[in-house]
Amino acid sequence: MKQKILQSGPISPALDGRLAETWDVVRLWADPTPAEALADIRAVVTSPGAGCDAALMDRLPKLGAIVNFGVGYDKVDVAAARARGVVVSNTPGVLDECVADLGMALILDVLRGTVAGDRFVRAGSWTSGPFPPATRVWGKRLGIVGLGRIGSALARRAEAFRMSIAYHNRSPVEGIPYPRHASVADLAAWADVLVLTLPGGAATRHIVSSDELEALGPNGFLVNIARGSVVDTAALIAALRHGRIGGAALDVFENEPHVPDELKSFDNVVLLPHLGSATRETRRAMEDLTFDNAATWFAEGRLITPV
Ligand code: 8YV
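In the numbering used here, the protein residues as written are 27 to 333.
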């Protein structure tokens, strides 16, 4: 008899299909889930959009593992899982380079105005006069909040663009050439571009708010490829409205996929629908690692990439 798993949200047709071929899958968003349907569930497969909280764990008496499709697991209550002896995995390593590519694309775009320039051409405005000069990328100061795997991959790219680099992490990172600033506000005051590559969750909620945006200043740019929760959206909108920062490029949002209308009204803001890891190659690697974590847990009682 097939083992039973719970999927807390759809992931991709390919992975959803593989899961359904291999295990008896209960789909939280589509199937009836009375207590009997959940009684034998041994693993949850989830994603950053869906998550797994303590209330869901309470409904799963036989739960042993939570397998997350994504490196960020802020929607999984890891403390509640630990307290129940439930292990958790994520997908580290396989998406760093693609997320860093997207971060660099956003830096280039928000400083040079490529998407705004495209809008300008499509609107037919070019025939009435030139697009105004933007600001250069090379030589600018890049402040990285969260110098982990993704932040480091971004730093390597930014070096090639001849940017100077500094970072903020709670503790110093050993063996790297970049200076550390003691707080996000200190780093923002130094930086021309502040890029966020830190984990989401309660500990980092609104780590960028009015003070940090004020420190970044009217010629500074904010780039968020981390989680929407790390930026105080109301403070960001106020800073943009009053020209207290130069612009922003956002791949993630506090209440995604819902994006506040006022953000859409600024021409110096670039908005993307959470594309960081969204290449076919990387998504395939994430699907494989997610599947392999679940399979290894059922076969050997361990995860390949536990958090
Ligand atoms: C998502 C992400 O997994 O890895 C993460 O933490 O946020 C993304 O790669 C992806 O958007 C699918 O939910």
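Backbone N, C-alpha and C define an ideal beta-carbon position, used for all residues, glycine too.
To the nearest angstrom, report how far apart residue i and residue j are at their CA atoms.
i	j	result
Pro244	Val97	33 Å
Ile133	Gly174	18 Å
Phe317	Val256	29 Å
Val52	Ala275	38 Å
Ser209	Ala106	30 Å
Leu64	Ala142	50 Å
Gly139	Met27	57 Å
Val42	Ala56	Val is not the amino acid found at residue 42; the sequence shown has Asp there. Answer to the nearest angstrom: the Cα atoms are 13 Å apart.
Arg148	Met130	24 Å
Ala228	Cys78	15 Å
Pro118	Ala179	13 Å
Gln29	Trp49	5 Å
Arg150	Val295	Residue identity differs from the one stated: residue 150 is Gly in this sequence, not Arg. One C-alpha to the other measures close to 21 Å.
Leu248	Leu54	36 Å
Gln33	Thr153	53 Å
Gly35	Thr230	25 Å
Leu265	His232	Going by the sequence as given, residue 265 is Ala instead of Leu. Between Ala265 and His232, the C-alpha separation is close to 14 Å.
As a quick exercise: from the options, pick the residue whose alpha carbon is nearest that of residue i.
i	options	result
Arg68	Glu62, Arg196, Ala91, Ala261	Ala91
Gly272	Ile263, Val278, Glu280	Ile263
His268	Glu288, Asp135, Asn281, Pro283	Glu288
Ala160	Val136, Met312, Glu47	Val136
Ala261	Pro332, Leu239, Val249	Leu239
Leu315	Leu297, Leu121, Leu89	Leu121
Arg162	Gly155, Phe146, Leu180, Met189	Met189
His254	Ser236, Pro225, Arg270	The sequence given here places Gly at residue 254; His does not occur at that position. Answer by Cα proximity: Pro225.
Ala40	Arg310, Thr331, Gly327	Arg310
Ala241	Phe187, Thr305, Ala215, Asn281	Ala215
Leu89	Ala76, Tyr99, Phe95, Val113	Val113
Gly111	Leu86, Ala126, Asn94	Leu86
Residue i and residue j look like a contact to me (Cβ under 8 Å); what is the Cβ gap, rounded to whole Å?
i	j	result
Gly414	Thr223	For the chain, the structure presents residues 27 to 333; residue 414 sits outside this window and is missing.
Gly177	Val219	Incorrect: roughly 13 Å between the Cβ atoms, too far for contact.
Ile37	Ser73	5 Å
Val234	Asp212	Incorrect: roughly 13 Å between the Cβ atoms, too far for contact.
Thr331	Ser115	5 Å
Val278	Ala252	6 Å
Cys124	Ser291	Contact flag wrong, Cβ pair sits at about 30 Å.
So the beta strand (DSSP E) residue i belongs to, where does it begin and stop?
i	result
Ala192	190 to 194
Thr259	Segment 259 to 267 is the alpha helix (DSSP H) holding Thr259; no beta strand (DSSP E) there.
Val295	295 to 297
Val249	247 to 250
Return yes when at least one heavy atom of the ligand GDP lies under 7 Å from the C-beta of residue i, else no.
i	result
Gly96	Absence of the ligand GDP is noted for the structure shown, with the ligand 8YV being the only ligands found.
- If you scan the region 102 to 178 from start to end, which runs of the beta strand (DSSP E) of 3 or more residues do you find wholly inside it? The region 102 to 178 contains these whole beta strand (DSSP E) runs: 113 to 115, 167 to 171.
- Message: What ranges does the alpha helix (DSSP H) occupy inside the region 49 to 99, keeping only unbroken runs of at least 4 residues that lie completely in it?
- Response: 61 to 64, 80 to 84
- Item | Runs of alpha helix (DSSP H) lying entirely within the region 209 to 255, each at least 4 residues, in chain order | 210 to 216, 236 to 242
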